[in-house]
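Undergrad: In the UniProt record's numbering, the protein residues as written are 1 to 769.
Below are the structure tokens for one structure; questions will follow.
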């Protein structure tokens, strides 16, 4: 990227605005076609367009990357060693950048010790509250932390759960010791390990374990003390007595398991159980910390409460000295509730949060920040949100702007697009058919614009009036997982069913945690991330490469390995990457086009071999649509057809997966599952990352599955999808403890008239708008 001085003469209008705008000139990242645009500062700018059009290439791969790269360049070389390296984006100039705050949909992670409370820093304030105003005090603030030895439970090391020996798996209590009651390997009757118990004199070896007294059984498992004479072929020796479970724990669990063979570790798993720590009962803290109370509640009680309930508890604090800290905690909790997550608890593990929940929690700490003049960058923040909660999200985006920040949002939801001060529509279509800015302006101007987004905003909303009839039902009986309240419901078969409700209402608990486990043959397509390396392509991900290589080998007489850019056929210069990446210490990496293979990844010796007049590189350059016509083989044809069915007909077979958008990755994942032959499909928010026009493709895909005799169940917030289904099961009425009930079952037309359903209310609003 050249300096502003070098492009000033060519782009004078874009560079004379001073600090009023962010200016991108000649961006060519991924599929962008020399894009130039101005983005107003201290405003909300929403980027729209079909999935794969180039929105993320502008916002994340150009603006965000260059902002981070320049910010990191100000740090000392020592710190740079611990930070990711970013290559200069392909653009003539990027000017007027602010320090970035990127809030994406990546899983929150944080390991088993990360909770909602620790992630938001609210738990730190709660610890201070108990340290200063609880009684009896356990000591300093860190004595209430489950991440340090002074506060953590000694038996589970602050994790709240333990992995321990399971006597029910280790023993057959219907037998005696002489009958082989010990099931562990190495404890055959008469063996040295068996003699420690059979010859100890503590137990009658002919007595069934089920007849042991409580004291005998405890001694058998955990007893200590005394000597036992153990006989071997070479003599005898005296061993110290140690209970069976205690010995297994010491010799197996409390040693470095990495030194054990895979087979040994697998054997161990058969005799282990994990569950809530019996010492702290899942509270993670030691006895001293748990003994401290405020108004008869300890810190674990506070942490386990639903956030909205904890706010009520804080309202009851009467100690004048504690009111200031209580108000600070309440304010922080209010931010969580205002973002639609009031149903969570502070002890909820972050690893269990959905992508949408995690992204919204990331926003919390920034709302309390006094820093201004930043650029906040969001990746589809409405993911996982019921239409009721989108308004809360919009309020938070506006609050960030009103504090003096620039807000950039990649989004498909019309209600989020509506609040934008400025809109950039990218397209017109996806992949090679996109990469241009097709519109810039206001929401009202976009509604009349001749773009796919404009057409989608103008499209009238219709609720389905004719419905398929179910041919049976799959029953869920007395489900009580998480917040479900003894739910029993029939899920109809042979039709398309939507599971709806606000976030936290119990949708995922009902379907993912109960239904899918009850019906393990169901094909479940969730939102988990897929691998996306520079060497992974749609062809490799869908399992197309092996049969393609075999076809080339059969046609040419060469080995299949010759037609792999990861093996014998790779270009010697770039090693099959198509590009050459140069990395030098303390400097940004530089990626250059490989001139040796012209970016085709293969050596010249490979490209002379053809199949039906096409080289392997020619085939990988084909779009899915072209490949469907080229290959007549049944196995290839079926996989390519699914790729086209999910709306990815424009993707080339050899495109790097790392260059695909989030919506494209979700659909290619869906394509792999459609290759299966199953009767029940469960789709978890399949509209994630999809443009309004792409939703029509998804609906056609689901209709096709049902028409072929399958049952399709979709967990979804998108009202166009809900209105298109044959049956709706709505949970609620709200989230957390206020949810977990079946509010409605019936057709979308009947849902329109339901007085208690929040989904029905927003269907009526959407229909009237």
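Heads up, the beta-carbon is just placed ideally off N, CA and C, and yes, glycines get one too.
Thinking just about the alpha-carbon of each residue, which of 556, 596, 590 and 567 is nearest to the one in residue 614?
TA: The residue given as residue 614 occupies position 614 in the chain shown. Of the listed residues, the one whose Cα sits closest to residue 614 is 556.
Undergrad: Whole angstroms is fine: what's the gap from residue 670's alpha carbon to residue 617's?
TA: Stepping through the chain shown from its first residue, residue 670 is reached at position 670. Stepping through the chain shown from its first residue, residue 617 is reached at position 617. Roughly 26 angstroms separates the two Cα atoms.
Undergrad: Scan the stretch 561-623 and note each continuous alpha helix (DSSP H) run of 4 residues or more that stays entirely inside, going in chain order.
TA: 604-607 and 616-621
Undergrad: Could you spell out where the alpha helix (DSSP H) holding residue 510 opens and where it closes?
TA: Working through the chain shown from its first residue, we reach residue 510 at position 510. Careful: residue 510 lies outside any alpha helix (DSSP H) and carries neither H nor E.
Undergrad: Rounded to the nearest angstrom, what separates residue 350 and residue 334 at their Cα positions?
TA: For the purposes of this step, residue 350 is identified with residue 350 of the chain shown, where counting begins at 1. For the purposes of this step, residue 334 is identified with residue 334 of the chain shown, where counting begins at 1. Those two C-alpha atoms are separated by around 19 angstroms.
Undergrad: Are the CB atoms of residue 290 and residue 302 within a distance shorter than 8 angstroms?
TA: Numbered from 1 along the chain shown, position 302 holds the residue referred to as residue 302. Numbered from 1 along the chain shown, position 290 holds the residue referred to as residue 290. No; because the gap between Cβ atoms is not below 8 angstroms, this pair is not in contact.
Undergrad: According to DSSP, is residue 364 part of a helix, a strand, or is it coil?
TA: If you number the chain shown from 1, residue 364 lands on position 364. In this structure, residue 364 counts as helix in the three-state DSSP scheme.
Undergrad: Please give me, in chain order, every unbroken run of the beta strand (DSSP E) with length at least 3 that falls completely inside the stretch 233-297.
TA: 235-242 and 272-276
Undergrad: In three-state terms, what does DSSP make of residue 422?
TA: Translated into positions along the chain shown, residue 422 becomes position 422. Residue state, collapsed to three classes: strand.
Undergrad: Round the Cβ separation of residue 299 and residue 285 to the nearest angstrom and send it over; I've been treating them as touching at under 8 angstroms.
TA: Indexing the chain shown from 1 puts residue 299 at position 299. Indexing the chain shown from 1 puts residue 285 at position 285. About 7 angstroms; that satisfies the 8 angstroms criterion.
Undergrad: What residue range is occupied by the uninterrupted beta strand (DSSP E) comprising residue 162?
TA: Taking the first residue of the chain shown as position 1, residue 162 is located at position 162. Looking at the DSSP string, the run of the beta strand (DSSP E) that includes residue 162 is 161-165.
Undergrad: Can you tell me whether residue 34 is buried or exposed? The criterion is at least 16 other CB atoms within 10 Å of its CB, across all chains shown.
TA: Position 34 of the chain shown, counting from 1, holds the residue named residue 34. Note on residue 34: under 16 other CB atoms within 10 angstroms of its CB, so exposed under the neighbour-count rule.
Undergrad: Count the CB pairs spanning the stretch 169-178 and the stretch 192-210 that are closer than 8 angstroms, and state whether there are at least three.
TA: The stretch 169-178, when compared against the stretch 192-210, does touch it at the 8 angstroms Cβ threshold.
Undergrad: Only counting the same chain, and skipping five residues up and downstream in sequence, which positions put a Cβ closer than 6 angstroms to that of residue 461?
TA: Position 461 of the chain shown, counting from 1, holds the residue named residue 461. Counting only Cβ-Cβ distances below 6 angstroms, and skipping sequence neighbours, we find 766 and 767.
Undergrad: Excluding the 5 residues preceding and the 5 following residue 250 in the sequence, name in chain order all residues of the same chain whose CB lies nearer than 8 angstroms to its CB.
TA: Here residue 250 refers to the residue found at position 250 when the chain shown is read from its first residue. So the qualifying residues of the chain are 242.
Undergrad: Relative to the C-alpha of residue 720, which candidate in 90, 421 and 763 has its C-alpha closest?
TA: Stepping through the chain shown from its first residue, residue 720 is reached at position 720. Comparing Cα-Cα distances from residue 720 to each of 90, 421 and 763, the minimum goes to 763.
Undergrad: Could you tell me which uninterrupted alpha helix (DSSP H) segments, each at least 4 residues in length, are contained entirely in the stretch 420-490, listed from first to last along the chain?
TA: 443-447 and 452-458
Undergrad: Starting from residue 642, follow the alpha helix (DSSP H) in both directions and report where the run begins and ends.
TA: Locating residue 642 in the chain shown gives position 642, where the first residue counts as 1. First-last of the alpha helix (DSSP H) with residue 642: 634-645.
Undergrad: State yes or no: is the C-beta of residue 479 within less than 8 angstroms of the C-beta of residue 446?
TA: Along the chain shown, one-based indexing puts residue 479 at 479. Along the chain shown, one-based indexing puts residue 446 at 446. No, these two residues do not count as a Cβ contact at 8 angstroms.
Undergrad: Given a cut-off of 8 angstroms, decide if residue 363 and residue 329 are closer than it, judged by their beta-carbon atoms.
TA: As a position in the chain shown, residue 329 is number 329, starting the count at 1. As a position in the chain shown, residue 363 is number 363, starting the count at 1. For residue 329 and residue 363, no; Cβs fall outside 8 angstroms.
Undergrad: Got a sec? Which residues, its chain only, sit under 6 angstroms from residue 477 by beta carbon, not counting five neighbours each side?
TA: The count along the chain shown starts at 1 and reaches residue 477 at position 477. Close CB contacts of residue 477 within its chain, under the 6 angstroms cut and outside five residues either way in sequence, are with 488 (chain order).
Undergrad: Opposite residue 35 in the DSSP bridges: which residues?
TA: Position 35 of the chain shown, counted from the start, is the residue given in the question as residue 35. Paired residue(s): 27.
Undergrad: Could you check the C-alpha separation between residue 43 and residue 636 for me, to the nearest Å?
TA: The residue labelled residue 43 in the question sits at position 43 within the chain shown. The residue labelled residue 636 in the question sits at position 636 within the chain shown. In a straight line, the C-alpha of residue 43 is about 49 angstroms away from that of residue 636.
Undergrad: If you draw a straight line from the alpha carbon of residue 347 to that of residue 159, how long is it in whole angstroms?
TA: As a working note, residue 347 is residue 347 in the chain shown. As a working note, residue 159 is residue 159 in the chain shown. Taking the straight line from one Cα to the other gives about 11 angstroms.
Undergrad: In the DSSP assignment, the beta strand (DSSP E) including residue 66 goes from what residue to what residue?
TA: Taking the chain shown and counting its residues from 1, the one referred to as residue 66 is at position 66. Where residue 66 is concerned, there is no enclosing beta strand (DSSP E), although the alpha helix (DSSP H) it sits in stretches over 65-72.
Undergrad: Do three or more CB pairs link the stretch 493-505 to the stretch 657-672 at distances below 8 angstroms?
TA: no
Undergrad: Relative to the C-alpha of residue 281, which residue among 391, 306 and 162 is closest?
TA: The residue given as residue 281 occupies position 281 in the chain shown. That would be 162, whose Cα lies nearest to the Cα of residue 281.
Undergrad: What number of angstroms, rounded off, separates the C-alpha of residue 213 from the C-alpha of residue 244?
TA: The sequence position of residue 213 within the chain shown is 213, counting from 1. The sequence position of residue 244 within the chain shown is 244, counting from 1. One C-alpha to the other measures close to 16 angstroms.
Undergrad: Indicate the three-state DSSP secondary structure (helix, strand or coil) for residue 7 in the structure shown.
TA: Here residue 7 corresponds to residue number 7 of the chain shown, with the count starting at 1. Model confidence at residue 7 stands at a pLDDT of 43, short of 50, so the residue's coordinates are unreliable and nothing is read from them.
Undergrad: To the nearest angstrom, how far is the alpha carbon of residue 253 from that of residue 144?
TA: Walking along the chain shown from the start, residue 253 turns up at place 253. Walking along the chain shown from the start, residue 144 turns up at place 144. Rounded to whole angstroms, residue 253 to residue 144 spans 28 angstroms at the Cα level.
Undergrad: Give the secondary structure of residue 376 by DSSP, where H, G and I count as helix, E and B as strand, and everything else as coil.
TA: Reading the chain shown from its first residue, position 376 is the one you call residue 376. Reduced to three states, the DSSP call for residue 376 is strand.
Undergrad: What is the DSSP secondary structure of residue 406, reduced to helix, strand or coil?
TA: By 1-based counting over the chain shown, the position of residue 406 is 406. In this structure, residue 406 counts as strand in the three-state DSSP scheme.
Undergrad: Could you say which of 377, 420, 383 and 374 lies nearest to residue 856 if we only look at CA atoms?
TA: A query on residue 856 cannot be resolved here, the shown segment of the chain reaching from 1 to 769 and no further.
Undergrad: Under a Cβ-count criterion, where at least 16 other Cβ atoms within 10 Å of its own Cβ denotes burial, should residue 631 be classed as buried or exposed?
TA: Residue numbering aside, residue 631 sits at position 631 when the chain shown is read from its first letter. Under this definition residue 631 is a buried residue.
Undergrad: With a threshold of 8 angstroms, are at least 3 pairs of Cβ atoms found where one atom belongs to the stretch 314-329 and the other to the stretch 68-77?
TA: The stretch 314-329 makes no contact with the stretch 68-77, as fewer than three CB pairs between them are under 8 angstroms.
Undergrad: In angstroms, rounded to a whole number, what distance separates the CA positions of residue 184 and residue 336?
TA: Within the chain shown, numbered from 1, the residue matching residue 184 stands at position 184. Within the chain shown, numbered from 1, the residue matching residue 336 stands at position 336. Distance between the alpha carbons of residue 184 and residue 336 is about 49 angstroms.
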